[in-house]
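Enquirer: In order, the protein sequence lines correspond to chains A and B.
Heads up, the first sequence is in our numbering, so the first residue is 82 and it goes up one at a time.
Heads up, the second sequence is in our numbering, so the first residue is 82 and it goes up one at a time.
Even glycine gets a Cβ: it sits at the ideal position worked out from N, Cα and C.
All figures in this text were calculated on a predicted structure; none of them were measured in a lab.
Have a look at the structure that comes next, please.
Number of protein chains: 2
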Amino acid sequence: MADTTPSQSGQALLFLTDEQLRKGIEAMYFAYRGFTSDPDRILATKEYGRAHHRAIHFIHRSPGTTVTNLLAILGVTKQSLNRVLRSLIDDGLVESRVGRQDKRERHLHLTPQGAALERELSDAQRDRMRAAYRAAGPVAVAGFRQVLEAMMDEDMRRQYEALKDRTV
Amino acid sequence: MADTTPSQSGQALLFLTDEQLRKGIEAMYFAYRGFTSDPDRILATKEYGRAHHRAIHFIHRSPGTTVTNLLAILGVTKQSLNRVLRSLIDDGLVESRVGRQDKRERHLHLTPQGAALERELSDAQRDRMRAAYRAAGPVAVAGFRQVLEAMMDEDMRRQYEALKDRTV
DNA sequence: CACAATACGTCAGCCTTGTTGACACTCCAA
DNA sequence: TTGGAGTGTCAACAAGGCTGACGTATTGTG
Numbered sequence: 082m083a084d085t086t087p088s089q090s091g092q093a094l095l096f097l098t099d100e101q102l103r104k105g106i107e108a109m110y111f112a113y114r115g116f117t118s119d120p121d122r123i124l125a126t127k128e129y130g131r132a133h134h135r136a137i138h139f140i141h142r143s144p145g146t147t148v149t150n151l152l153a154i155l156g157v158t159k160q161s162l163n164r165v166l167r168s169l170i171d172d173g174l175v176e177s178r179v180g181r182q183d184k185r186e187r188h189l190h191l192t193p194q195g196a197a198l199e200r201e202l203s204d205a206q207r208d209r210m211r212a213a214y215r216a217a218g219p220v221a222v223a224g225f226r227q228v229l230e231a232m233m234d235e236d237m238r239r240q241y242e243a244l245k246d247r248t249v
Numbered sequence: 082m083a084d085t086t087p088s089q090s091g092q093a094l095l096f097l098t099d100e101q102l103r104k105g106i107e108a109m110y111f112a113y114r115g116f117t118s119d120p121d122r123i124l125a126t127k128e129y130g131r132a133h134h135r136a137i138h139f140i141h142r143s144p145g146t147t148v149t150n151l152l153a154i155l156g157v158t159k160q161s162l163n164r165v166l167r168s169l170i171d172d173g174l175v176e177s178r179v180g181r182q183d184k185r186e187r188h189l190h191l192t193p194q195g196a197a198l199e200r201e202l203s204d205a206q207r208d209r210m211r212a213a214y215r216a217a218g219p220v221a222v223a224g225f226r227q228v229l230e231a232m233m234d235e236d237m238r239r240q241y242e243a244l245k246d247r248t249v
């Protein structure tokens, strides 16, 4: 890892000025609001919130995942997740199947209705993402992903990487 | 704006596949958690939350801004902001000065204590940002910013742009 | 001047989503 | 058989969003 020794702090490191970093921080803040706004709008018309979206997303992403697994990915408490999961199961969007090898585990799957909502939400989010990607171009997208991955915590990056290349 | 006509959908548009978009969405989710984790940790030791951080950040950013102005930037209700602002003022981190031209307006400023907390928080956030920027390099950073800006809502982009080039 | 509009503060009540603590149940493995 | 892991659930609480309503300066306008 290079240090900012005086000899290096010329044109090459201009992108590391406090001003540039602050712009990046604000860009991150405003962009994240855009990022969540479309699903939020859809969810507001239904009985659900962002927490439901996250659960649905990762169950779709890794069908058959266990509750503990989901807990680790989402980084919330069991009780918090349980409330969300409870409503999704009661409403018939998520199915909880007792594990075959280990009957203590519950394997989570989306029902057809759950899959439908997942599609509606992710379509909206992907549309915005696609527009942004298209506007910025492939080189920018590669940079975007690089910076985001460098910004994650170690353990988050591990979970992200684990999900990243799965064939779904 | 290019369409995805069959003739174009070769190698050139591979970065627009659903799989790529989904990775981008997850990267955004995990990265945002990293992005907020350092300030959150600091705030947890004090009496404050993320909402206080946002207020402090933008007051620092635009000293003398009015309440209505801050309301527009943060996109929350008056009541919600007031609760946060109240505690910051009571604790002596923010000063609210009656407007000179228009005495209905309150101009918000950080006190020395408020500025100290702002520095503590933004130092932590900038450190992570700097590390990510340094790891990814200037080209990636440019792409990162491009994609984020393309992902904002129109009105958010306007506010972001308005802030972007101010001399602070 | 009278009155509407603006900027702000505040009370009351509601929701979502996070937290901790405690407890029970099932089941696996040593 | 017994400890511990995986799970579900109850209760209580807090932060931080929201709406609706109302009060009070102050300002601009007819």
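(1) ARG260 (chain A) versus chain B: which residues are under 8 Å apart at the beta carbon?
(2) Measuring only between beta-carbons, confirm whether ASP121 (chain B) sits less than 8 Å from chain A.
(3) Does SER118 (chain B) come within less than 8 Å of chain A when only Cβ atoms are used?
(4) Answer yes or no: does any C-beta atom of chain B fall closer than 8 Å to that of ARG239 (chain A)?
(5) In chain order, which alpha helix (DSSP H) runs of at least 4 residues are fully inside the region 188-239 of chain B?
(6) Which two residues bound the contiguous beta strand (DSSP E) that contains VAL157 (chain B)?
(7) Let's test the definition: count the other Cβ atoms within 10 Å of the Cβ of ARG206 (chain B) and tell me whether it reaches 16, buried, or not, exposed.
(8) Using a cut-off of 7 Å between C-beta atoms, extract the partners of GLY224 (chain B) located in chain A.
(9) What first and last residue would you give for the alpha helix (DSSP H) that runs through ARG135 (chain B)?
(10) Using a Cβ-Cβ distance under 8 Å, would TYR129 (chain A) count as near chain B?
(11) Can you say whether LEU189 (chain A) is buried or exposed, counting buried as having 16 or more other CB atoms within 10 angstroms of its CB?
(12) Excluding the 5 residues flanking VAL179 (chain A) on each side, which residues of the same chain have their C-beta closer than 7 Å to its C-beta?
(13) Just the Cα atoms here: how many angstroms apart are ARG122 (chain B) and GLU128 (chain B)?
(14) Counting C-beta neighbours from all protein chains within 10 Å, is the total for ARG200 (chain A) 16 or more, i.e. buried, or is it exposed?
(15) Between the beta-carbon of LEU124 (chain A) and the beta-carbon of MET109 (chain B), is there less than 8 Å?
(16) Confirm, please, whether the CB-CB distance from TYR241 (chain B) to PHE111 (chain A) is below 8 Å.
(17) Check whether the Cβ atoms of THR192 (chain B) and LEU174 (chain B) lie closer than 8 Å to each other.
(18) In whole angstroms, give me the CA-to-CA distance for ASP119 (chain A) and ARG131 (chain B).
(19) Can you tell me which of the three DSSP states GLU186 (chain A) falls into?
(20) Quick one: give me the first and last residue of the alpha helix (DSSP H) that GLU100 (chain A) is part of.
(21) In chain A, what lies closer than 8 Å to GLN206 (chain B) by C-beta?
(22) Helix, strand or coil, according to DSSP, for THR85 (chain B) in the structure here?
(23) Is there contact here, the region 232-240 of chain A with the region 139-146 of chain A, by at least three beta-carbon pairs under 8 Å?
(24) Where does ARG178 (chain B) fall in DSSP's three states?
(25) Only counting the same chain, and skipping five residues up and downstream in sequence, which positions put a Cβ closer than 8 Å to that of HIS133 (chain B)?
(26) Can you find a C-beta in chain A that's less than 8 Å from the C-beta of SER90 (chain B)?
(27) Please report the distance separating the alpha-carbon of ALA136 (chain A) from that of ALA153 (chain A).
(28) Please report the straight-line C-alpha distance between GLY223 (chain A) and LEU102 (chain B), rounded to a whole angstrom.
(29) Can you check whether the CB of GLY105 (chain A) is closer than 8 Å to the CB of ARG209 (chain B)?
(30) For my contact list, MET232 (chain A) and PHE96 (chain B) are in at a C-beta cut-off of 8 Å; report their separation, rounded to the angstrom.
(31) Determine the closest residue to ALA196 (chain A) out of A:ARG181, A:ASP183, A:GLU176 and A:ARG185, with distance taken between C-alpha atoms.
(32) Against chain A, does ALA136 (chain B) count as a neighbour if the rule is that its beta carbon must be under 8 Å from one of theirs?
(33) Just list the residues that DSSP pairs THR147 (chain B) with in beta bridges.
Expert: Considering the structure as presented:
(1) With chain A represented from 82 up to 249, any question about residue 260 (chain A) goes unanswered, as that position is not in the structure.
(2) Numbered from 1 along the second sequence, position 40 holds the residue referred to as residue 121 (chain B). Not one chain A Cβ lies under 8 Å of ASP121 (chain B).
(3) Within the second sequence, numbered from 1, the residue matching residue 118 (chain B) stands at position 37. For SER118 (chain B), the answer is yes, since a Cβ of chain A falls inside 8 Å of its Cβ.
(4) Residue 239 (chain A) sits at position 158 when you count from the first residue of the first sequence. ARG239 (chain A) does not count as touching chain B.
(5) 193-217 and 219-232
(6) Locating residue 157 (chain B) in the second sequence gives position 76, where the first residue counts as 1. Segment: none, VAL157 (chain B) is in no beta strand (DSSP E) and carries neither H nor E.
(7) The sequence position of residue 206 (chain B) within the second sequence is 125, counting from 1. Per the sequence shown, residue 206 (chain B) should be read as Gln rather than Arg. When all chains shown are included, GLN206 (chain B) counts as buried.
(8) Reading the second sequence from its first residue, position 143 is the one you call residue 224 (chain B). Going along chain A in sequence order, the residues near GLY224 (chain B) (Cβ under 7 Å) are ALA217, VAL220, ALA221, VAL222, ALA223, GLY224 and PHE225.
(9) As a working note, residue 135 (chain B) is residue 54 in the second sequence. It spans 131-142 - the alpha helix (DSSP H) in which ARG135 (chain B) sits, taken as one unbroken run.
(10) For the purposes of this step, residue 129 (chain A) is taken as the residue at position 48 of the first sequence. Chain B contact via Cβ: absent.
(11) Here the question's residue 189 (chain A) lines up with position 108 in the first sequence. Its Cβ being crowded by 16 or more others within 10 Å, LEU189 (chain A) is buried.
(12) As a working note, residue 179 (chain A) is residue 98 in the first sequence. Only ARG187 meet the Cβ criterion.
(13) For the purposes of this step, residue 122 (chain B) is taken as the residue at position 41 of the second sequence. For the purposes of this step, residue 128 (chain B) is taken as the residue at position 47 of the second sequence. Rounded to the nearest angstrom, the two C-alpha atoms are 12 Å apart.
(14) Locating residue 200 (chain A) in the first sequence gives position 119, counting from the first residue. It is exposed - the Cβ of ARG200 (chain A) has fewer than 16 other Cβ atoms within 10 Å.
(15) Reading the first sequence from its first residue, position 43 is the one you call residue 124 (chain A). Reading the second sequence from its first residue, position 28 is the one you call residue 109 (chain B). In this structure, MET109 (chain B) does not lie closer than 8 Å to LEU124 (chain A) by Cβ.
(16) Against the first sequence, residue 111 (chain A) aligns to sequence position 30. Against the second sequence, residue 241 (chain B) aligns to sequence position 160. The answer is yes: Cβ separation under 8 Å.
(17) The residue you call residue 192 (chain B) lines up with position 111 of the second sequence. The residue you call residue 174 (chain B) lines up with position 93 of the second sequence. For THR192 (chain B) and LEU174 (chain B), yes; Cβs fall inside 8 Å.
(18) As a position in the first sequence, residue 119 (chain A) is number 38, starting the count at 1. As a position in the second sequence, residue 131 (chain B) is number 50, starting the count at 1. Going from the Cα of ASP119 (chain A) to the Cα of ARG131 (chain B) covers about 22 Å.
(19) Within the first sequence, the letter at position 105 stands for residue 186 (chain A). Correct three-state label for GLU186 (chain A): coil.
(20) On the first sequence, residue 100 (chain A) is found 19 positions in, with the first residue counted as 1. Its alpha helix (DSSP H) spans residues 99-126.
(21) Here residue 206 (chain B) refers to the residue found at position 125 when the second sequence is read from its first residue. Simply ILE106.
(22) Residue mapping note: residue 85 (chain B) aligns to position 4 of the second sequence, counting from 1. Low confidence applies to THR85 (chain B): its pLDDT is 47, below 50, so where it sits in the model is not reliable, and the reading given next is rough at best. Of the three classes helix, strand and coil, the one that applies to THR85 (chain B) here is coil, per DSSP.
(23) no
(24) Taking the second sequence and counting its residues from 1, the one referred to as residue 178 (chain B) is at position 97. If DSSP states are grouped into helix, strand and coil, ARG178 (chain B) belongs with the strands.
(25) In the second sequence, the residue the question calls residue 133 (chain B) occupies position 52. Closer than 8 Å at Cβ, skipping near neighbours: LEU124, VAL165, SER168 and LEU169.
(26) Position 9 of the second sequence, counting from 1, holds the residue named residue 90 (chain B). Its pLDDT being 46, under 50, SER90 (chain B) is placed unreliably by the model, and the measurement read from it follows with that caveat. False, the Cβ-Cβ gap to chain A never drops below 8 Å.
(27) The sequence position of residue 136 (chain A) within the first sequence is 55, counting from 1. The sequence position of residue 153 (chain A) within the first sequence is 72, counting from 1. Rounded to whole angstroms, ALA136 (chain A) to ALA153 (chain A) spans 12 Å at the Cα level.
(28) One-based indexing of the first sequence puts residue 223 (chain A) at position 142. One-based indexing of the second sequence puts residue 102 (chain B) at position 21. Checking the displayed sequence, the identity of residue 223 (chain A) turns out to be Ala instead of Gly. Each residue's Cα considered, the two are about 12 Å apart.
(29) Along the second sequence, one-based indexing puts residue 209 (chain B) at 128. Along the first sequence, one-based indexing puts residue 105 (chain A) at 24. Cβ atoms of ARG209 (chain B) and GLY105 (chain A): not closer than 8 Å.
(30) Counting from one through the first sequence, the residue named residue 232 (chain A) turns up at place 151. Counting from one through the second sequence, the residue named residue 96 (chain B) turns up at place 15. Contact doesn't hold; Cβ gap of about 20 Å is too wide.
(31) Working through the first sequence from its first residue, we reach residue 196 (chain A) at position 115. Minimum Cα distance to ALA196 (chain A) is reached at A:GLU176.
(32) For the purposes of this step, residue 136 (chain B) is taken as the residue at position 55 of the second sequence. No, because no Cβ of chain A sits closer than 8 Å to the Cβ of ALA136 (chain B).
(33) Locating residue 147 (chain B) in the second sequence gives position 66, counting from the first residue. Per DSSP, B:HIS188.
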